[in-house]
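Student: Numbering (the working numbering), first residue to last: 6 to 172.
(1) How many Å lie between residue 2 and residue 155 at the Cα?
(2) What are the boundary residues of the alpha helix (DSSP H) that includes residue 119?
(3) What did DSSP end up calling residue 101 once you bin it into helix, strand or coil?
(4) Residue 151 to residue 42, Cα distance in whole Å?
(5) Give the single residue among 153, 47, 38, 94 whose Cα lies nearest to the Cα of residue 108.
(6) Could you say if the stretch 81 to 97 and the stretch 43 to 53 meet the contact criterion of at least three C-beta pairs nearer than 8 Å?
(7) With a Cβ-Cβ cutoff of 9 Å, do residue 121 and residue 160 count as a contact?
(8) On the criterion of 16 or more Cβ atoms from any shown chain inside 10 Å, does residue 136 qualify as buried, or is it exposed?
In structure tokens form, the structure reads like this:
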């Protein structure tokens, strides 16, 4: 029995070790430790992350590559590629700071640009409402962030969030 328990502990320790970067810090997404801002190219990002779900062309010549990890994932990554083709920055979009940018009156396209592809889209015709949701982590708790649209205008009416366990 002690040998079995020791083997399980050893296996879990190995799994945890491989979930860390060279400095022992947890890796937020497999492969991010292979990318360097100002050095890595768009091709490097695509090699590590795969084909982006959405590519946004910016007025300054830069590009934003979005990688939603849903429907059951809790992250949407965005990689900013500068006009010379180098990785300028990357960020996790599903955060309280990003959610706070969603305001009543925004269009569906504006919301999609800020948060990436939603996990689900539900229509409630009797309420004239469409609701989009994203699964995210708040600490260690999985939650849903919801954006509610008026179906007639396509504009945000409100946002809400709830624990994923209650859904």
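From the three backbone atoms N, C-alpha and C, an ideal C-beta is built for every residue, glycine too.
Tutor: Straight from the coordinates:
(1) Since the first and last residues shown for the chain are 6 and 172, residue 2 lies out of range.
(2) As a working mapping, residue 119 is identified with position 114 in the chain shown. First-last of the alpha helix (DSSP H) with residue 119: 113 to 120.
(3) Along the chain shown, one-based indexing puts residue 101 at 96. Three-state DSSP puts residue 101 in a helix.
(4) As a working note, residue 151 is residue 146 in the chain shown. As a working note, residue 42 is residue 37 in the chain shown. For residue 151 and residue 42, the distance between alpha carbons rounds to 32 Å.
(5) Taking the chain shown and counting its residues from 1, one reaches residue 108 at position 103. Taking only the C-alpha atoms, the option nearest residue 108 is 153.
(6) yes
(7) Mapped onto the chain shown, residue 121 falls at position 116. Mapped onto the chain shown, residue 160 falls at position 155. Contact: no.
(8) By one-based count along the chain shown, residue 136 stands at place 131. With 16 or more Cβ atoms within 10 Å of its Cβ, residue 136 is classed as buried.
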